[in-house]
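Protein chains in written order, with this note's numbering: chain A, 15 to 395; chain B, 4 to 119.
Just so you know, even glycine gets a beta-carbon here, dropped at the ideal spot from N, CA and C.
Note that the structure is a prediction, hence the values are computed from the model and not measured.
To start, the structure under review is shown below, and the notes come after it.
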C-alpha cells in the first residue's frame, strides 16, 4: 500500500481527535463532577471537578472503585456495597436522581447525584453526575423557615384584624343607631344644619361599616380552607358577566369569553377572585363607548396564564404596585365608586392557590389583569 | 534483558496520531512483543482497557488545547501485556513539537510487582 493511501485515515483520526478533544475540554470545564465506570464499577474517566471533589489526582482515581472514591452518606450513615448508586446502576437501576451528603476534610456538603446506566458492547457501565446543592438546600431551608415565620405573623395579624374589625362593629352600630334616633326623635329641635350633620355622621358610619365588612371578607379569604376541584372557568365567567349585565341592563358591553378555560382550584374562592376582576373591568368601562371585556388564556414560559382585558379607564403603570393593596384606589370615589378591596381580595385568593397576579394598563386605553393558577400542590402534574 | 530491574528505563515514542513510532526492545519484550511488532500500532495496545477512555480523551484534549494534564511528572500507571495481564510502571511523559505536529516520548521504568 503506498504511503499516501493512509492519508484519508490519518485525516479522519485527526478529526476524531479534534472532536474528542473538544468534548474532553467541555467536560473538564463543567462545574459538576462527572465520572463513568466499567462493568466492575471502576472509574474509567472523570473530569477535574470530580478529582477536586474527591481530593485526588485524576490519574490516581482511574481504575479505582467509584463506590470507594465517593463515600456517600445518607441520614448520617455511609452508603456501602450494592446500596451505593454506582453499584446499583450496574446491577439494579437504569436511572437514579438522589440526594446524599459527602464529608471531606471535615466539611460536610449536600450533593444531588444523577446516574444513568449505559451499555457498551453489551456490558453495563455507570455514568454519574454529582452536583453540589448545599447552598440551594440551605437557601430553601432558610426560605421555609422564613415562610413559616411569615405565615405565623400573618395568621396573628389576620386574627388581630378580624378581632378588631369585629369589636369595632358594636360601637359603630351604636353611633349609627343613636344618630338615627336623633334624626327621628329630635328633628323638631334641630335646625337643617344639625340634621345635615347627623346625616353625614350616619353616612360616615355606614361607610366605615362597609370598610370593616371588606376587612372581614379579606380575612375570611385568608383563613378559608381550599377545596380543589376542576373548575369550568368559561362558564363561571359568563355567569358572572350575566349577573353584572342584569344589574345594569342599560349598559351595552361586548363580552368575549374563550371556550374551554378550565383550572383546578377552589371554586368558591376562585369565583370571588374572578368576580372581582370582571366587576373591576365592568366598572372601569362604565364611561367607555363600545365597552369590551375579553377573558382568555395564553402561555408564558410554558405556563398557562389567564387574563381579563378591558378597554376602560386604564391606569398609570407607575402606580401599578398600589393596584392590589387593600383600600388603595387609583381613581377617585366620585369618578368610580368602591372601597378598593376587590383587587386585594383577588390577589389574596390567587396567592392562596400558589399563583401570580399582575396587571398592565394605560390611562384611557384599558387594563389587562393576568393571573396563573398552578396545578394543585402534590397533584404531581 | 529483564525490565523488572528498577534501574532500567526504557523509551517509547508515539506520533501525533497516537501510533507507536519507537519502542525500546527490552520494554517491548517485557510486554510480550517484538519491538517491530509494536511500531505502527495504537498506543492503546499497551494501555489496559480501564484506562483507554482517559487516554483517548486526554490525548485528544492535549492535541486540541496544547495544555498538558499528565506531562512532565512522575506517574505510576498500569501497562497491558500482550497476554492481557497488567504490569505497574513509572512513567514520565513529555511532548515535543516538531514540524509535522507532536511527538510524545515516555520514559518508562517497570516496577517489581504486577498491578491489578
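Cα atoms of residue 372 of chain A and residue 383 of chain A: separation of roughly 6 angstroms, rounded to the nearest angstrom. Here residue 51 of chain A is bridged, per DSSP, to A:57. Of the residues assessed, residue 367 of chain A falls on the buried side of the cut-off, its CB having 16 or more other CB atoms within 10 angstroms.
Distance from the CA of residue 358 of chain A to the CA of residue 333 of chain A, rounded to the nearest whole angstrom, comes to 15 angstroms. In terms of Cα proximity to residue 30 of chain B, the closest of B:100, B:96, B:98 and B:92 is B:92.
Excluding five sequence positions before and after residue 312 of chain A, the CB atoms of its chain that fall closer than 6 angstroms to its own CB belong to 319, given in chain order.
When only Cα atoms are considered, residue 131 of chain A and residue 295 of chain A end up about 56 angstroms apart. Note on geometry: alpha-carbon atoms of residue 106 of chain A and residue 123 of chain A lie some 27 angstroms from one another. At the C-beta level, residue 126 of chain A and residue 113 of chain A come within 7 angstroms of one another. The Cβ atoms of residue 40 of chain A and residue 64 of chain A do not sit closer than 7 angstroms to each other. In terms of Cα proximity to residue 215 of chain A, the closest of A:60, A:141, A:192 and A:80 is A:192. Interface annotation, residue 13 of chain B: not in contact with chain A, CB-CB separation never under 7 angstroms. Within the segment 42-75 of chain B, the residues whose Cβ lies closer than 8 angstroms to any Cβ of chain A are, in chain order, 51, 52, 53, 54, 55, 56, 57, 59, 60, 61, 62, 63, 64, 65, 66, 67, 68, 72 and 73. Here the alpha carbon of residue 104 of chain A sits roughly 58 angstroms from the alpha carbon of residue 252 of chain A. Proximity of chain A to residue 91 of chain B at the Cβ level (cut-off 7 angstroms) is not reached, the minimal Cβ distance being about 11 angstroms. For the segment 17-34 of chain B, the beta-carbon criterion of a distance under 7 angstroms to any beta-carbon of chain A is satisfied by 20. Within chain A, no residue has its CB atom less than 9 angstroms from the CB of residue 106 of chain B, the nearest being about 15 angstroms off.
For residue 66 of chain A, no CB of chain B lies under 7 angstroms from its own CB, so it is not counted at the interface with that chain. Under the Cβ distance rule, residue 123 of chain A does not count among the residues neighbouring chain B, no pair being separated by less than 7 angstroms. Between residue 49 of chain B and residue 60 of chain B, the gap from beta carbon to beta carbon reaches 7 angstroms or more. Within the segment 33-45 of chain A, those residues whose Cβ lies closer than 9 angstroms to any Cβ of chain B are, in chain order, 33, 34, 35, 36, 37, 38, 39, 41 and 42. Between residue 385 of chain A and residue 375 of chain A, the C-beta spacing is not below 7 angstroms.
Across the set A:187, A:326 and A:336, the C-alpha of A:326 shows the shortest separation from the C-alpha of residue 377 of chain A.
Taking a contact to require three or more Cβ pairs closer than 8 angstroms, the segment 166-179 of chain A and the segment 80-89 of chain A do not qualify as touching.
For the options A:275, A:298 and A:197, the alpha carbon positioned closest to that of residue 209 of chain A is the one of A:197.
Taking the Cα positions, residue 218 of chain A is about 57 angstroms away from residue 148 of chain A.
Each of A:205, A:46, A:35 and A:240 was checked against the Cα of residue 365 of chain A, and the nearest Cα belongs to A:240. Chain B has no Cβ within less than 7 angstroms of the Cβ of residue 18 of chain A. Comparing alpha-carbon positions, the option among A:321, A:91 and A:73 lying closest to residue 79 of chain B turns out to be A:73.
According to the DSSP secondary-structure assignment, residue 306 of chain A is paired through a beta bridge with A:268. The beta carbons of residue 64 of chain B and residue 35 of chain A sit about 5 angstroms from each other, so the pair counts as a contact at 8 angstroms.
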